[in-house]
Amino acid sequence: MITTTNLVLFIGVNFIVVEASDTGPIGPVTVYEVQDCDPALDELNFELTLLQDVDQKDKITLSFSLPFDIGVDATVSVDADKFDGSDWQKSAFVVENKPAFKFLNDFVSPIWNNFREQAVPKIEKPSEMLAGDYNVELFYAHYMDINTPQVPYGRFMASVYLTVDDVDVVCKKLEVEFTPPDSM
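Taking mature numbering (1 follows the signal peptide of the UniProt record, and there is no 0), I'd label the letters of the sequence shown as residues -20 to -1, 1 to 164.
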């Protein structure tokens, strides 16, 4: 039962019910760690370095080898555990098989567009990446460029999968914290 103390977050056609006090507009995002999933899954030789400034701008250096074209058939899945203060609540936030480029263009389009421009070679189309070796140096991302009306607040350990033609090609584990905008 959904009451006034609960909020429904729509992600594609899936939705989750969370306590309203645990959600709100996007605020500072802290990324604590990015690592390989266990077992490691990386068909793209994906290397990522992430540094975060005190002004909440992430500096990202990224390189990967894409052995095949990626188009509208690529999907992203997320399985995130939430830290409740003493333990991790398993699968507190789950998104399954959402179109990857639709997600990028709908929710982080300023970040995605800047990334495409800075990539060497440049990524020409917003919903396609051609096979090749890519490199991005000192790319900046800011939480204000995330286009979503609500986010779940808290600390999460998320396994993020990229799937192409029904085959998982990359999995990265991120420890991240979403906080209210007035928390700085």
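Beta carbons: idealized from backbone N, C-alpha and C, even for Gly.
Cβ shell of residue i (< 6 Å), same chain only, five flanking positions each side left out
| i | result |
| --- | --- |
| Asn77 | Thr55 and Ser57 |
Cβ pair residue i, residue j closer than 8 Å
| i | j | result |
| --- | --- | --- |
| Leu154 | Val9 | no |
| Leu21 | Val156 | no |
| Phe136 | Phe83 | no |
| Tyr120 | Lys70 | no |
| Asp2 | Tyr123 | no |
For residue j and residue i, believed in contact at Cβ under 8 Å, the rounded distance
| i | j | result |
| --- | --- | --- |
| Pro101 | Pro5 | 36 Å between Cβ atoms; not a contact. |
| Val131 | Phe158 | 5 Å |
| Pro79 | Val52 | 6 Å |
Three-way DSSP call (helix, strand, coil) for residue i in this model
| i | result |
| --- | --- |
| Leu142 | strand |
| Tyr133 | coil |
| Asn94 | helix |
| Asn77 | strand |
| Asp86 | helix |
| Thr41 | strand |
| Pro161 | helix |
| Asp125 | helix |
Candidates the options, of which the one nearest residue i by Cα
| i | options | result |
| --- | --- | --- |
| Ser97 | Phe87, Tyr114, Phe83 and Val75 | First, the amino acid is wrong: residue 97 is Glu here, not Ser. Closest option to Glu97, Cα to Cα, is Tyr114. |
| Ala138 | Tyr12, Asp2 and Pro106 | Tyr12 |
| Phe87 | Ile126, Gly7 and Ser107 | Ile126 |
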